[in-house]
Each structure stands twice: as structure tokens, then as C-alpha cells.
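Chemist: Residue numbers (numbering that gives the first Met the number 0), protein chains in the order written: chain A, 0 to 249; chain B, 0 to 249; chain C, 0 to 249; chain D, 0 to 249; chain E, 0 to 249; chain F, 0 to 249; chain G, 0 to 249; chain H, 0 to 249.
Positions of the beta carbon are idealized from the N, C-alpha and C atoms, including for glycine.
Questions regarding the structure given below will be posed in turn.
Number of protein chains: 8
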Amino acid sequence: MKDESIEAILAAVKAGDLSIEAAKQQLMMPKEIHLEGAVLDLQRASRQGFPEVVYCEGKTDEQCVTIFKALNERYDTFMGTRARPVLYELLKDEIPDIRYDESSRILYVQRNTRNVNGDRVIAVVTAGTSDIPVAEEAALTAELMGNMVRRVYDVGVAGIHRLFNRLDDITSANVVIVVAGMEGALASVVGGLVTKPVIAVPTSVGYGASFKGMTALLAMLNSCAAGVGVVNIDNGFGAGRMAHVINSCR
Amino acid sequence: MKDESIEAILAAVKAGDLSIEAAKQQLMMPKEIHLEGAVLDLQRASRQGFPEVVYCEGKTDEQCVTIFKALNERYDTFMGTRARPVLYELLKDEIPDIRYDESSRILYVQRNTRNVNGDRVIAVVTAGTSDIPVAEEAALTAELMGNMVRRVYDVGVAGIHRLFNRLDDITSANVVIVVAGMEGALASVVGGLVTKPVIAVPTSVGYGASFKGMTALLAMLNSCAAGVGVVNIDNGFGAGRMAHVINSCR
Amino acid sequence: MKDESIEAILAAVKAGDLSIEAAKQQLMMPKEIHLEGAVLDLQRASRQGFPEVVYCEGKTDEQCVTIFKALNERYDTFMGTRARPVLYELLKDEIPDIRYDESSRILYVQRNTRNVNGDRVIAVVTAGTSDIPVAEEAALTAELMGNMVRRVYDVGVAGIHRLFNRLDDITSANVVIVVAGMEGALASVVGGLVTKPVIAVPTSVGYGASFKGMTALLAMLNSCAAGVGVVNIDNGFGAGRMAHVINSCR
Amino acid sequence: MKDESIEAILAAVKAGDLSIEAAKQQLMMPKEIHLEGAVLDLQRASRQGFPEVVYCEGKTDEQCVTIFKALNERYDTFMGTRARPVLYELLKDEIPDIRYDESSRILYVQRNTRNVNGDRVIAVVTAGTSDIPVAEEAALTAELMGNMVRRVYDVGVAGIHRLFNRLDDITSANVVIVVAGMEGALASVVGGLVTKPVIAVPTSVGYGASFKGMTALLAMLNSCAAGVGVVNIDNGFGAGRMAHVINSCR
Amino acid sequence: MKDESIEAILAAVKAGDLSIEAAKQQLMMPKEIHLEGAVLDLQRASRQGFPEVVYCEGKTDEQCVTIFKALNERYDTFMGTRARPVLYELLKDEIPDIRYDESSRILYVQRNTRNVNGDRVIAVVTAGTSDIPVAEEAALTAELMGNMVRRVYDVGVAGIHRLFNRLDDITSANVVIVVAGMEGALASVVGGLVTKPVIAVPTSVGYGASFKGMTALLAMLNSCAAGVGVVNIDNGFGAGRMAHVINSCR
Amino acid sequence: MKDESIEAILAAVKAGDLSIEAAKQQLMMPKEIHLEGAVLDLQRASRQGFPEVVYCEGKTDEQCVTIFKALNERYDTFMGTRARPVLYELLKDEIPDIRYDESSRILYVQRNTRNVNGDRVIAVVTAGTSDIPVAEEAALTAELMGNMVRRVYDVGVAGIHRLFNRLDDITSANVVIVVAGMEGALASVVGGLVTKPVIAVPTSVGYGASFKGMTALLAMLNSCAAGVGVVNIDNGFGAGRMAHVINSCR
Amino acid sequence: MKDESIEAILAAVKAGDLSIEAAKQQLMMPKEIHLEGAVLDLQRASRQGFPEVVYCEGKTDEQCVTIFKALNERYDTFMGTRARPVLYELLKDEIPDIRYDESSRILYVQRNTRNVNGDRVIAVVTAGTSDIPVAEEAALTAELMGNMVRRVYDVGVAGIHRLFNRLDDITSANVVIVVAGMEGALASVVGGLVTKPVIAVPTSVGYGASFKGMTALLAMLNSCAAGVGVVNIDNGFGAGRMAHVINSCR
Amino acid sequence: MKDESIEAILAAVKAGDLSIEAAKQQLMMPKEIHLEGAVLDLQRASRQGFPEVVYCEGKTDEQCVTIFKALNERYDTFMGTRARPVLYELLKDEIPDIRYDESSRILYVQRNTRNVNGDRVIAVVTAGTSDIPVAEEAALTAELMGNMVRRVYDVGVAGIHRLFNRLDDITSANVVIVVAGMEGALASVVGGLVTKPVIAVPTSVGYGASFKGMTALLAMLNSCAAGVGVVNIDNGFGAGRMAHVINSCR
């Protein structure tokens, strides 16, 4: 990709290789692809270490297919979240190595499996079995971005010894993602036990006064264990993404 | 249409052309058509510059069809919002030039395409691709009422250079409509960049703590960019209507 | 003020009058004043037609005083909202022509009284007497920015003839601001009667299930009269600002 | 029905016609029928002027059918609300004169059509066409209980002259029921115009920040027109029942 | 007061006694007094049977005093709600027979003590002692408007025999007002026991999840006893007003 | 106290010792004392094992004093909650052995210190130090009603070993009350560890999204540890009362 | 099952029968079965008197089947809540004596029918017929855990004599569960009448402002009858579980 | 501090140096200090890298003073949040080097100023001047824990160039904390511009529909910029703590 930094553009202007008007255009307009109703951000891969992730909900099948094809032309590894199974059907002929994970509803291509963050493990912990789809969204996101993930599932506080049985698996990780619905108490307990960054993901698991995850969300925000960061309800992707970013710090 | 002003009625009374009782009736009862369970307001076209717009949701098919036929007898251009596709099927034989826009769910007849507001452009801006149906409701409403519309889609703040790339298209408009879901931050950023009236439309795009548009709505109401007017969640029609009214000021 | 446009900077670079590094700095850094903990935006006056308005709430007395003095050095007319009376006391010696309006809590200097928007009137309408402080914030804001304002107070729908008695004063305006608490019904009624842009301001007037203005806010957002733009609860300033911006369109 | 008053029971005890134990039983246990999982209150007809009304939602088909058959054995006129069409199918053979009103979802038998409240009219007023199902629940309830009902539909405040055109029909009624969704402003306007009791029924008509009727409910509770009583969202039955009770006062 | 009916005006026009322009003015402008920031509705006394009631909250002392003096010039009996004690101090010299009720915070003049509604009693019932201030607002309002009131206080459902002990006092009334905070269950129990109209007033008595009356409000709206009308939290005035209006029906 | 059972009354009627009318009165009217605006329930002591507890909030000083004096004439041990210190001052001369506990704000007389529930301990557990006032309300209530109480304070889940250090003190109790604010996770953890009834009391300790205890309340209601009963926010009294009732079961 | 107490492990260490490392493992890891994505807690049966109850919602059919089979290998009596009918179909061949209760949606095996709590009755009371499914979840849970249950259905407060007719059935129980939707007033009335522990279960029965059980929940939490414990909306299981635990106290 | 690891204890048991009973006690009871109503966790310093932080709100002066003195005996650097100025007065004589920061309300002793995280900078960014107190709580917390902090204040999106002017200061940091009230849009914009972990802190700055920070909180949770972790409203401490933990990862 050619050099588009401000310095390079200004140098070209000084050298007379670039007109002022053209320079202004370049300074104002980073490269991107304009699809129908969508703008594909080509710079995000270099800027944030991973191509733009497609949020499939609310987009038509046509829009999703167009965007995936455009990504496929440019990147080795890319993904979409909240994908409908039909999208996989529509794309599998054109992109034979595309994969669809039913539990997490992630549609992805992974041609690059390098662990960019080495042996730094991200632990993904769930309170119950029903929280697994959200946990898998977090885990698969982190894996696609180049991280090692350790899954520690169904260790909620109602039988707290289940958690203690797996404590080593959690405390030895570099970042911990806690996924829980209902009252979300697991985040507080884990937050008090580990010294690494904890990301809490409330899930919509529950009924009645769980208000579709609202209660878990509020509980996690009020955790007495300081230093827990919270993402949106059922936002496994956001948690996986943040864990990857933290894991990349050094 | 005959003169129904208060002055005209009073003059007729004075001249003895109108009995007191009849005059009282006229003073009390503006013209309108009574359909089954619906009152069609015939004065709105002259009073507000466009015939009464039919809100199709919650009305039976029969009610909608009756109202559209009554509008068709009297007006060149008229529209209904939140229309079901079946309404188009039920009406297309009787009103051959009726149109249905799937994205915005607007059912309309447009026999008059005059730009009543000249070259004053209304910019309709969206944060994401998923916001387009609401944006199209705004855009098509404004167009049917006689305005030029410029669409600037998928320029949300997560990749803010996408917005800056299209800034000229936005700042050169006479009125700007910003359509965004999730956290609705685009309204604040645009509000700080333009000097023209900004109408913000929160959308129900999002999940979890987006609470079906509530979060975007609240965020837009609290915009630190003063002077942004907000309409109801997903209310593209209201935004298009207000933009038209502002565009008609001179 | 010297020419800081992108074109001028690029030309200077080409001419060799500006180093690449210095040019980059200028391109990245618009002028502004850095006060302690506050950044005063000097470009806003030219960009938005009025100097930055100071939101006094949450700022210490010292911060407010510093900002007002900085504004006083540069502008003829400027203002702060939600100001405490003590700020007036702290500033009146240094800025003798500063004024404080108790009802609206606006602290301001108005040395320029030109009507920038000519005879285009902004009508400010309230449902009750208790809504006046918010209405005055809107009215005074619009006046300071150079608009003629007509006040139509205490014409709520409980005695709807009061509204009809003043209807001419409202319908002849170019923009209408409706200020109402409790159930906020006045916005819908006015919205149905006028053909000009209507800005609705919910107030915290009421008790119990008015929830400090929440009910009026929600009611206004759901107005059956299409084309009403709503601002935050008690946000007279925002309404006045938006009315000014609309009034400036032509 | 034999005399079950406390006085009669005590007299029987004194006369030795009733043992103390039996008397105690009678004093403690008013007559009622125990169906499977339901207790049919036989005294309500005399106590409240109309047999117990069946709330069909949440009851199984079997439970509903059993209760309707039990009512049919004892009463001339009775009704159920929120009835599914299938209940009519299940009962029409056994109770040939049972009727089902699709709009209001009322299932009823009306063998007694006497106007128990004479010529005192209950006006049922709606803001829009979409509010009619709820209005019909109110109107039919009031009619079954023996009241004359006048329907005034689609006279919302967005075109307020529609309301004024029908004002006589409203002000001449003895009780007024106002049915409105969205912002519910019609209740306030009518409340300010009439001198008779006004019952406001918020409906779930609307979208976005109407929150399924919550906004209309809150607005009606905060009506600036004092003396408006509010019932639950979409509770046409409750409004019809209360109007009947008021209409029966004399 | 001279005849201002539409018929009279039109007759005067026909007779040439009134110019068209003057007639139009009269038709458009009912009589009212314009005070500073307030419009006193002079027609309300004849229209609704009682002069406009002053809502003192949110009005300045000056505004309240001005309005009370204007009322005093025209009416025998009038009142203001949510009045501060200082208003009494400011008015007692000029209006020696003005009275202030501390519990209900009503400021009033009662020179006319006729029972306009004869011996029809309004029962005001409270769940607890803490609900009395709201109950007194209802009771005094009803009394000032010309009704007989019976107080039945502290009969909440926690000790339900207290209620049964006073049942005759309640069932013999023509209208019943139930005032309760916390869970507001009393309204449902009373609603099931009486055959007269019941008006429920939720109060802000309680703590924690009573949410300042919200819980009682919601509970009353969902009363399983059909036919209960609800007013705003702590709105004793509205309940008293509605009870009076119902009591006046005949 | 004389025999007031239904059997006794009926027998007296049969024997001719009681007129029918008098019998009816007795059957309808249990004994109670009518104070000004308050009804003191004299039967509650025998019915529920403890005299009526006075909820002081919202009652005037005069009302509270009157009720306490009435209780003092009849009972050995009694109490009021949410009492202001001034009540103690007003009563200490007349009732020298009255006591006021500042932390819990309980005003009480305890002349009977018998442990009616023997050695069955109620454990009162708090998450933090700030939860102690609510915990003390629960503990003192339980003690006054005749229970042994064990306090286990400041053992929240952020440092979960603090809880395990005191586990024996908790698991050996007959009933456990868990008092916690913020995210209330302690209730879930304790609920999973003990086999005895757990009563959870959310407190208003916290800030921001704790919403004055709402978050802890919701979390406790959604506890993944089945079989936890929850009371209102800060309702230590209710928890103490329920623990006493459970402790009395045998 | 072999002795796994801490004392036994430490003794083995001292005796040299257990290495330090192995002892540490045992101390840290209680026995449990790891299924795919689920951890089956084998100690809960001895710890809490009943095997872990399966919450079927949110688990896949495969996960549920696996867990039920694992339970079937180890226990005589066990259960799952919120089970789909298909689970019964999938399991009935392998576990012939498995049962499915349609009303409560409980899937269970009951090979042990001993009344572990003797003749101590748990009364399950409902306000209406629509509350029965939740009541049955409570009743069946309590029965499976070894309790005698008495059902008292459809005795809501709208016809309060229905409740009094069954009062003996309620007051003679050892624990009372009150199940009610809408305004949930029954819990307060029952709470005031009985001296035994009361567990209130709000149900989602209702519409509009019942907010899917939220109103009943809030009302029950604010019950003026002290000492009522509340569980989550529709949580019949939790209530049955808590009643069993209370019933087991002695 | 002597070795308290499980291995050491087990070894002592094997060696006969520790009785089984004493070993059990040690295994079950980590060291901590029991103050009146508070348990001071001595292990947290080694476990989490910083002594337990005192949350002063809701604790009495006496409790706070006791805890601070206990901390002072054991640690060089420690702190309390939400401290009242009086606590400083009460402690300054006994702990002469204690400091109180008025803006952040942090009370602290800092005898150890080593940068444990070297030159890894934490950027603390605010939208407005009013957000500074919360930002300072974050900044000072991070500094006390041994981090370098860079403050970038008043760069909200209403004038977005202010943000771009400081972009280098933000993008060069290792962790970014964004502090914003009102609509909280700054978090989304910054989240899209940086590749490092972003922690968003909503503040209660704003009015009306900002609902004391709720709107900013919801907006941040819905940020379209993936990978933003959110903490409680006004929880500067939690953000500083989490930033420190992330900064310590390597």
C-alpha cells in the first residue's frame, strides 16, 4: 500500500509532485470503499490491527454479501457478528473456506492463525451453561484476532466450589472475561480473586426481573471489586475485542 | 374551493345571505370527510402544505384502503407511513401509479414533482447501514413534500474520517437530518460541525442496553452540541416533515 | 486574524515559507485558548455565529470567572447559562455592563443589539406561569443572538380558549417554541395549528408521575402533530439556539 | 335466591332453626361455585349489578368454556374480555346466542337489553382510528351493563377542529371516556372543555418512546385538567365499567 | 355578565349593532384577565362550577399574591393548592378571612358554605396515618366545592378488620376516594367491596422500592377490582375535584 | 380480655344474652383504639405475637407520641422504626425506660427479654461496614421479638476469604439475613453455601447506577441460589420480622 | 461415598497416606462431573437436601438430555424447570418413569415419595386462575422435595369473601406461598392475616402497566404487612424451594 | 510476613509441627484485622498490589478514622475515596503527611512514589470542565498506584478540533480513560481513534434527561467503537484502578 501519511503528502507538495488541490483532497479523504449504503473502512486493519468487523443485524442479505465479498478481496482473516445462517449459504460457494459458528453466530474466514499475542492466555469464564453462546462470541473473536483462549464454563456462585476448582485456570490468565446473566455475581467474586484485568459481560439469561440482562449489567457496574470494566448486554464481541487490545499492550 | 373564512361567513350573515343558525354551523364545523371510524381532514393540505399523511399501523386494511381512495380523489401527491406490502396489492389496480418503497415502508402517489423549496438541500446522514430504512423514510417524505435531498450514509463516529470525507456534502445543506442508533453520538459531532438546523432521529438499531432506541434518544437529547432538535425513535417521517417546514421558511 | 485556511497553509509550504513539520502542526491544531481545565474555542464565533456559551453548572466559581474574563477580552456579546448569582457579584466590577437575569439564570453582556434576523419573530409560548423561567432562558438566548421574540405565556390546554385568543401572535411567527411541563399537551395542539417549525421544551414543572419533566418529554416526542423537534428537559437555551439557527436560514 | 343476610342468619340462630356451628359456617362462607381452579362469585351480580366478568387471557380454553357455561346457567347477560376467537367456536353450539366482537375481543351473551341508566349517555371519544379496538371494549362493556353510548372517533388534537366539530356530542353526555395513545393529549383538552366526569384510557398505539402506552398513561395522569381519572393501558373494560358505575349514581 | 353567546353575537351582527371585525374579535376572544405572566380564566367558574384553582408550586410569591387578589375581587369561595405558609402571611391583611390548612397546604377563602350536592357523601379513606395530608387535600377540596365529606382514616389491609369495622361508612357514600402509599392494596380491596365510583390516589408514602409513589400508582392502575379511576401521585386535589364532578351528576 | 370469639357471640345470641343487632355489631367490629388519625390494632399482639410496630416516617411528632403512650399503657415490649431522635426526647420523661438506637433509628421499650425462640440463632450478615445501620434494624427487631442474633459484618465478596473465615458462624444459624448494597452479590454466595432460609435485604449503599438500592434489589431477586426471599430496600425491620416468624415455626 | 471432609484429608496427610500435593488437590477440588459446557454439582444433594435442579431455558436439547441422564444415574428424585415438551419426548424411552407437568413445565422423576417434613403443610394460594401455572411450579417443587401441599386457588381480593371462605386452609399451614399478578394485593392481605412465614411470588399475569409482573413485584416488596419475603417474577420454583427450606427448620 | 501458603501449612502438618485442628483453622482463616464493624483485609496488598482502598461514604467518622490508623501502621501508601474534609481534620495530627485532594475527594498518604509501571502513560481525557472532579479521582488513583498520568481536559465533541489538537497526547498513551457526562459521545470518538484499551467513565454532569449520568452510561455501553469497557457513573476510582491493572500487564 502506498505511503499516505501526512508527512509524505506534504513532502510531495514541497517537491512539486502534488498540486495543492490534490494534496488537500488526500489530506481530507482517507481511502475507503463505497458500497451501496455502506462505507468499508480500509484503514481500520492497519489502524486497529484487524479489518472492520461486520455487524450483520439490521443489514439486508444483499448488503452483508457485498461487504463480505469486498473483505474477502483484501484480507486473510475477517469476521461478521450476529450473522444469520442464510448468509453462510449465500457465501459458501464464492468463499469456500468461510465458516459459520452456530453457537456464537459468527461468520468468518480465518486464513491466518498466528498467535499475535504469544502465550498470553485470555480466560473466558461463564456462570452457567446458558451463557455459553455469548462466551463463544468473545472467545472466537479473541482467537480470530490472534489470541490463545481458555474456556472455564459453568462455574457460577450458587456452587462456589466449582469456581475454586478452576481458580488456577483463571488466575494464570493475562486477561479474564466473565460472562454471566441473572444477578451477575460471578464478576464480583472473580474480580476479587484475580489481579489481572477483568471484563464483565452481562447476558440476557434469566427471566422476570432480570429484565433481559439489565439486572446483570447494573450489578456488574456496581461491583464491589474495583477495576472491572463492563460491556453491553450479550456483547461477547466487544469483550473479546477489548481483551485482545489489552493483551496486545506491552 | 369556496371561501370559508370567518370574514366571508360574517359578511354573508350581514348581507342576509346566511341564517344565523347556518352561520353558526359553518363557524363551528370546518370541512372534513367522515369515513368509517376515521375523519379525513380536508383543510390540512392548505393549512400545512401537504395532505394528511396516513399512519397505517393499527388501522385495518379496510380502513387504510378507504382513506387512500378518498385521498386519491382529491390530491395529486399523498402518502402513508408504516404501510404493509398488502396495502399496495389492494390498491394498485385502482390507483395504477401508486408506489411502495420497501425500505421505508412508505406507500405513496407522486404526481407532482415540483421542488417547492428550490435548490435548498436537505442532507440525510446515517451512522450505519442498518439505519437506512429510517433515513429513507425521512428522505422520501421530504422529497414527496417538494425538497431536494442528499443522502450521506454510513459515516458513524467509530471511523470518524468517513464523516470528514463527506463533510462538504453535509455543511452545504440547508437542513441536516442525522439518523443514528446505538449511542447516537453522530448527532453531537455533526451538531458541532454545522451551522444549520440539525434534526436528530434516534433509531432502534442496537441490542441489550440500547433498549430499542431509548439510549440513542436520551443521548441525542443531551447533546453537548446546542440546538439539536430530536424526534421520536425511528420517526423518519417526523424528521422529514420538520426539515421540510424549516426549508420552507424564508 | 491571519489566514489559517488549509489552502493558505499548503501554499506556504509550496512556497517554502513553512516547514513541513510546522505545517503539519498548523493543520492539526486550530486556535483556541487553554485556560485551567478549560479550552475556550475561539473559532466558534465565526463558525456558529455566536461565541461559545458557558455552561456554568459543575464549574467552580474560579473557572467561570476566568472564562468570562477571557470572553470579555474578545467579544461584544456573550453569555453563560445556569449561572449562580454569586458569579454576577464576582464579575460586575471588572465587567460593569454585565447583566444577570434572575428568572432565566443567564449571565450576559450585550453590547451588540442588532437584529441579525430582521423582523422574523420567534414566538415563545408557555402552558403555565411556572414554565416562565425556562421560557425566559429560551427568549433571552434568542434575543442575545439577534432575534425578535414574542412572549405568549400561560395559555395551556386546560382552558383552551386562552390559546385561541393568542393564536394570531403564534401563527404569525417564523418559529415557535412551546414550553410546557406536566403532560406537555400544548406542543401537540400548537403543532397542529401552525405551519412553521415548532420546537418543544419539556419542563420539570409538575409532581408525582411527572417524573421531573420525563412525562412532558415523552409526550412531546410522541406528538401526533408531525414535525415537532424536542430538546432536553428545561433546556430553554437549546431551544432558543435552535430557533435562532432556523431563523437564520434563508 | 334465599335470604342470606347476617340479620336473617342471626334470627334463625335465635329461633333455634340454625345451629351455632352451621350459622358460623354461613357467616363465614358466602355462596360461590368452585370450578376447576376457579371460584365463580355468585354474589357479584347482586353486589355490583353485573355478573363477574371473565378475564380470558391466561386461562386455558377449558377453563374459559367451563366458566362461560356456568354463567350461562345463571344469568341473562354476561361477558368475557380479551377472548380468543376459538372460544366463540367452542361455545356457539351450546350457547347459540353467544356473540363475539372481533374489534374489542369481547365474548358475550346479551339477553337483557334494558337501559338501566335511562337516557344518560356515555360518550366514548378516540384520538385516532387505531384507538378504536380499545374504545369498542369500553363502549360494548357499557352497553352490556345497560347504558346508552355515543361514539365520537378520530378527533385527536393534531387537527383540533375535528374535536370542536363534535363538541356538542361530547359535552351533552353524562360521562366521557377519552381513549388515546401516543401522547394522550386529547384527555387534557377534553378535560378542560367538559364539566362531566372524564375517564382517560391510554392505549398502546404508537411506537418508539410511546413505550407501549406508558407515555400516554403518564401524560394522562399529569393532565393539567384537574379531575380526570385514569385506568390501565388498553383497559377499555375498566373505563366502561367505571362509566357505568358513575352513570348509575343518582 | 353580559350575554356573550355565539348566537347573541351573530344576532348583533345581523342587526348591524356589531361590525364584522368586532364580532370576529369577540368570537375569537373569551374574557379573561391578563396578569403578569398569568392568564386568569374568568369563564371557568361558570363553565366548571368553581373558579380556577391556583397551583402555587413554581409560581413566585408575587405571582401568587396577584392571582389571589384578582380572585378575591370576583369570587366568594376560591382556593390554591401546594401553597407555602408565607403566602398566607402575605395575604391575611388584605383578605382577612383567608385560611391556610397546614396539613393539606391549601390556601382558601370560603364565604359560601352551601352543600351544592346535598346529602351525597364523599368518603375519603386512607391506608395509614402518613397518608392523611393527601387525604385532607382531597377532603377540603371537595368541601370547598360544596360536598359533604366523611373521613375514614388508617384502615389499611395489614389489619383488614380495621377496614371491615368502618365498612358501612364507606359503602353508604356516593363516591369513595381511597388514599394509599406503599403497595396501595387498599384500593383493590375497597374497589371489590363497594358499588359506587372509586377514585384511587397513590401517595409517596414509603421508601426504597416504593419509588416515591410509583409502586402504589402502578398497583392501583392494575387493580383487579374493575372500575377504579386513578389520579397522579399525591394528587388529592384532583381526586377531590373528580369526586365533586361525579357527585354533581344526576 | 373477655372472650370475643365468634362462637361465644353466637352462643350469647342463642341464650338471649345478646340482641341480634348487638351481636352483629360485635361480629363486625373487632376491638381497637381510635387515636387522632390512627387506629391502634389491639389484637395484633395476640394475632402476630408482637404489638403493632409504629412506622414513624410521615407521622407528625404528635401522632407518634400519642401512639407510643397508648402502647406503653398496654404492652411490656414494643417498638417504632425510622424514628427521629426528637421522639426520644419527647417521650423519655413519661417513659423512662424507653431507648433509642441511633444506628438503626429504632425507638423501643424492652421490659421482656425472654428468648421465645430458645437457642435458635438468627445470623445477620453484611457485605460492608456501610450496611450496618440496616443490619442493626434487622438484628434489634429480631432481638426485641425474642430471638438470639449473631452479627457477621463486613464480609463482602470482594475479599471472599473474609466470608469463609466466618462461615461456621453463618452455617450454624437457623435463619440467615444477608444485608448488602451495590451489586448485592453476597446474597447469592451465601445462598449457595447454607441450607437454612436466607432473607436478603438490599441496601441503598452505593452511588451512580446502584440507583439507591435498586440494583442490589434486582440482583437479589435474580439470585442463582434458589430459595432466597427478598424484602424492600433498607427494610431491615421486615427481614428481622420474617426471620422471627420463621424461627418461631416448629 | 467416601469421607472427603477436611479433617479426614488432613489426618491422611499426617499419617503419610496422602502426599501434600494430592491433599492440596483434594482440598481445592470438591467432586463434580464435567459434562460438555456444564458442571454437575454432586455435592449439592447432601449439602442442600436435593440434587441440583436443572434450569432448562437457554440450554440446548443436547445439554439438557445429557444432564438428565447423568442425574438419573445417581438420584432417585430430581427435576428440571422451564422444560420444553420435546425434552420429555427425548428422554421418555431411556427414563420410562420420567414425568412432564404441562402446566408448570416441570420435567421430573419421583421415585422417592417420602414426606420428609411430615404433616407440616405448605399452602399455595393464588389470586386468579391465570396464576395457576406459577403456583403449580411452586407446589410441585415442594412436593418433590418431600412436603405436603394444600392448593387454595382463585381467591383474589376483588371478591375478598372468597379468601375468607378458605382462611382456615391458609392459617393452618406452616408456610404460605401467595401467587398473584396484576397489583399483587393478595400478598398484603394474607400477610396481615397469618402468623406463619409468607413467600410472595409476583406473576406476569396482567397487561399494560403491569409491565410483565414488575408492578406485582414492586407491590409485594412494599407490602404494609411486614415479614413477607419476595422472589422473582414467575419464580414458582424459588418459592417452593424456600418454603421447603423453612419447612425443614426445626 | 511468615509463609502462609497452603503448601507450607501442609508441610508443617506432615512434620508434626502443626496440629490438624490448628492447620484447619489456618486453612480456613486468612489473616485480617477485625475492627469495629469492619474487617481490614491484610492480604489484599500482596494479592492485588495495593492496600485495600477505603470507601468512606456510609461509614461513620469513627469507623473511617479507625481504618485509616490501622492502614497507617502497616503501609507506606494508601487511600480512601469519597472522603469528607472533616476526616482530614481528624487525622492530620496523627498522620502528618496525610493529604486531602478537594476536587477528587481522595484522602491519601503517599510515601512511595516509585513508578511501578515505568513510562507507560495513562491518559485521562474529559469532555468538559465539569467532568474534572471524576477525572481527578481516576488520575490520582492511578498515580498513587504507581503510574504516570497525562491529563487531557475539556476536549468534548461539540468542538471536535479541540480533540484533534490533543490527539497525539491520547494516542501515545498505553491506556486511555475517557470521562464524560451528558451524552458521553467522546468515548465513542476516542474509541474509534486509538488502538489502546479505552475505559469509559460516565459522569453525572448534565440535567433533565441526563438522569444523573444514566444517559452517558447507556451511551458508552452502546458505543459503536468496539472494545470500550465501562465503569459505574462517577467511578473515577474504578477506572484508575482498572487502568493500573492493565498497565501492569506485560
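Whose Cβ in chain D lies nearer than 8 Å to the Cβ of L34(E)?
Modeler: Neighbours of L34(E) on chain D: none; closest Cβ ~18 Å, over 8 Å.
Chemist: Thinking G228(C) and A137(C) are a contact (beta carbons under 8 Å), I'd like their distance in whole angstroms, please.
Modeler: The pair is not a contact, with the Cβ atoms about 13 Å apart (cut-off 8 Å).
Chemist: The region 149 to 174 of chain E: which residues have C-beta closer than 7 Å to a C-beta of chain G, in chain order?
Modeler: Cβ contacts with chain G come from G155, V156, A157, G158 and I159.
Chemist: Out of V189(H), G57(H) and G145(H), point me to the one whose CA is closest to F151(H)'s CA.
Modeler: Looking at the sequence shown, residue 151(H) is not Phe but Val. The shortest Cα separation from V151(H) among V189(H), G57(H) and G145(H) belongs to V189(H).
Chemist: Taking the alpha helix (DSSP H) that V177(E) falls in, what are its first and last residues?
Modeler: Here V177(E) belongs to no alpha helix (DSSP H); instead the beta strand (DSSP E) covers V174 to A179.
Chemist: So G155(F) packs on V197(F), CB below 8 Å; how close in whole Å?
Modeler: At roughly 16 Å, the Cβ-Cβ gap does not stay under 8 Å, so G155(F) and V197(F) are not in contact.
Chemist: Should H243(G) be labelled buried (16 or more other beta-carbon atoms within 10 Å of its own) or exposed?
Modeler: It is buried - the Cβ of H243(G) has at least 16 other Cβ atoms within 10 Å.
Chemist: Enumerate in chain order the residues of its own chain whose CB-to-CB distance from Y87(C) is below 7 Å, with the five nearest sequence positions on each side excluded.
Modeler: I97, Y99 and L106
Chemist: Determine whether the beta carbon atoms of S129(D) and T202(D) lie at a separation below 9 Å.
Modeler: yes
Chemist: Closer than 8 Å by C-beta to Q62(C): which residues in its own chain qualify, once you throw out the five before and the five after it? Chain order, please.
Modeler: L34, E35, G36 and A37
Chemist: To the nearest angstrom, how far is it from the Cα of L70(H) to the Cα of E101(H)?
Modeler: 21 Å
Chemist: Between the region 191 to 217 of chain D and chain B, which residues of the former have CB atoms less than 7 Å from a CB of the latter, in chain order?
Modeler: V204, Y206, G207 and A208
Chemist: With DSSP collapsed to three states, give me the class of A69(A).
Modeler: helix
Chemist: Please state whether DSSP places A78(H) in a helix, a strand or coil.
Modeler: Going by the sequence as given, residue 78(H) is Met instead of Ala. Strand, per DSSP.
Chemist: Can you check whether the C-beta of G57(B) is within less than 9 Å of a C-beta belonging to chain D?
Modeler: The Cβ of G57(B) sits closer than 9 Å to at least one Cβ of chain D.
Chemist: Roughly how many angstroms lie between the CA atoms of T170(D) and E135(D), to the nearest whole one?
Modeler: 20 Å
Chemist: Within 9 Å (strictly less), CB to CB, does Y54(E) reach chain C?
Modeler: Among the residues facing chain C, Y54(E) is included, as its CB has a counterpart in that chain under 9 Å away.
Chemist: By DSSP, does G228(E) sit in helix, in strand, or in coil?
Modeler: Note: G228(E) maps to strand in three-state DSSP.
Chemist: Give me whichever residues DSSP pairs with P201(H) in a beta bridge.
Modeler: A179(H)
Chemist: N221(E) and L220(D): beta carbons closer than 9 Å?
Modeler: no
Chemist: Rounded to whole angstroms, what is the Cα-Cα separation between T214(B) and L217(H)?
Modeler: 6 Å
Chemist: DSSP three-state call for L106(C): helix, strand or coil?
Modeler: strand
Chemist: Under DSSP, the alpha helix (DSSP H) around L86(D) begins and ends at which residues?
Modeler: P84 to L90
Chemist: Quick check on the burial criterion: 16 or more other C-beta atoms within 10 angstroms. Buried or exposed for S103(G)?
Modeler: Sixteen is the threshold: when 16 or more other Cβ atoms of the shown chains lie within 10 Å of the Cβ of S103(G), as they do, the residue is buried.
Chemist: Indicate the three-state DSSP secondary structure (helix, strand or coil) for E93(E) in the structure shown.
Modeler: coil
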